[in-house]
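Visitor:
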Amino acid sequence: MNRAWAELVRGPAALTVPGDIVAGAAAAGGAPARRVALAAASSVCLYWSGMALNDWADRDIDAHERPGRPIPSGRVRPAAALGAATGLTAAGLALAAAHSRAALAAAGAVAGTAWAYDLGAKHTKAGPAAMGAARALNVVLGATSGRAPHRALPAAAVVGAHTAAVTTLSRHEAHGGPRSAPLAALAAALGTAAAVAAPARAAGPAPQRAGTAAGATAYVLTTAPPLLRAAREPSGPRVRQGVVAGLAALVPLQAALAARAGRPGAVPVLLATLAAARRLSRKVTPT
146 MNRAWAELVR
156 GPAALTVPGD
166 IVAGAAAAGG
176 APARRVALAA
186 ASSVCLYWSG
196 MALNDWADRD
206 IDAHERPGRP
216 IPSGRVRPAA
226 ALGAATGLTA
236 AGLALAAAHS
246 RAALAAAGAV
256 AGTAWAYDLG
266 AKHTKAGPAA
276 MGAARALNVV
286 LGATSGRAPH
296 RALPAAAVVG
306 AHTAAVTTLS
316 RHEAHGGPRS
326 APLAALAAAL
336 GTAAAVAAPA
346 RAAGPAPQRA
356 GTAAGATAYV
366 LTTAPPLLRA
376 AREPSGPRVR
386 QGVVAGLAAL
396 VPLQAALAAR
406 AGRPGAVPVL
416 LATLAAARRL
426 SRKVTPT
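With my numbering applied, the sequence shown corresponds to residues 146 to 432, in that order.
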């Protein structure tokens, strides 16, 4: 993947996606590794398709606000971006079909929501909710690998709420915004961390409690400092840093959810993924 295409699909941000699958599978009672891998591969394809479609749909806006993006800069043709979005969607659905009918249904819902967001909902009041729904459905896709998928609904709601808050903040990336925007995102993050960590303090084996606490702590430490800086100086670059941190914070949030569901071993693996995403983000922007 050359740099232009890596920028188009936000390559580093894809490392935040498999954690949705892990968290969903853990909450659903665990799953065979092969099924989790298929769901994760499907999820990454759908994520990349959504990113390519996003740039295709926003190519005229980006020509004014972000002329260095791959399409307005001429490094990727619009038709190629749309073709990639279509092909990656098909690949994601095919991988889900190889998993199960339930996974195909969930992947279809993820894809449909993502396409609706990119082609219309993004620039409406429903945009953040639509993006949050897509990410929540991604957790449900992971849950189709487990024995009791319905048990993953609370985890899906948590991931969806976090995503909606970050998406709301991202509307101020280009020109900055009021201090209330990063402060609202910070309040949502602190509330999310408290909600995830609180049940684990009262019950569960020590490794489960420790893993949940570690994930929740890493989540706050990842997202809070950039949001505080953005609140002090709500310029476009500062807000963008807050959005990047919000995307990265998905990984420790997923780790905390997996640990709370009884899979504390996922915490070090996912936190290692976070470190890799941060390194790659220095080379290719995830937003």
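Quick reminder that beta carbons are idealized off the backbone N, C-alpha and C, glycines included.
Apply the 10 Å Cβ neighbour rule to HIS268 and answer buried if 16 or more other Cβ atoms are within range, or exposed otherwise.
Guide: exposed
Visitor: Taking 8 Å as the threshold (C-beta atoms), are ALA390 and ARG296 in contact?
Guide: no
Visitor: Considering only C-alpha positions, which residue in the set VAL189, VAL221, ALA225 and HIS320 is nearest to ARG385?
Guide: The option with the nearest alpha carbon to ARG385 is HIS320.
Visitor: Mind checking PRO163: buried by the 16 CB within 10 Å criterion, or exposed?
Guide: buried
Visitor: In whole angstroms, what separates the C-alpha of LEU402 from that of ALA376?
Guide: 28 Å
Visitor: Which residues in the same chain as PRO431 place their Cβ atom closer than 7 Å to its Cβ, once the five residues preceding and following it in sequence are excluded?
Guide: ARG155, PRO157, ALA158, VAL389 and LEU392
Visitor: Return the chain-ordered ranges of every beta strand (DSSP E) run that is complete within the segment 231 to 280 and spans a minimum of 3 residues.
Guide: none
Visitor: Is any non-hydrogen atom of the ligand MG found closer than 7 Å to the C-beta of ARG316, if you look at the structure I gave you?
Guide: In the structure on display, the ligand MG does not appear, and there are no ligands present to speak of.
Visitor: Using CA coordinates, which residue listed in TYR364, ALA330, VAL189 and ARG179 is at the minimum distance from ALA342?
Guide: Nearest of TYR364, ALA330, VAL189 and ARG179 to ALA342, Cα basis: TYR364.
Visitor: Please confirm whether PRO215 and GLU152 have their CB atoms less than 8 Å apart.
Guide: yes
Visitor: Please state the DSSP three-state secondary structure of ARG427.
Guide: Taken through DSSP and simplified to helix, strand or coil, ARG427 comes out as coil.
Visitor: List in chain order: all unbroken alpha helix (DSSP H) runs of 4+ residues lying wholly within the segment 147 to 232.
Guide: 148 to 153, 163 to 172, 178 to 202 and 204 to 210
Visitor: Take VAL167 as the anchor and find which of ALA422, ARG405, ARG427 and ALA420 has the nearest alpha-carbon.
Guide: ARG405
Visitor: Output the distance between the C-alpha atoms of ALA309 and ALA278, rounded to the nearest integer angstrom.
Guide: 8 Å
Visitor: Residue range of the alpha helix (DSSP H) that THR312 falls in?
Guide: 298 to 315
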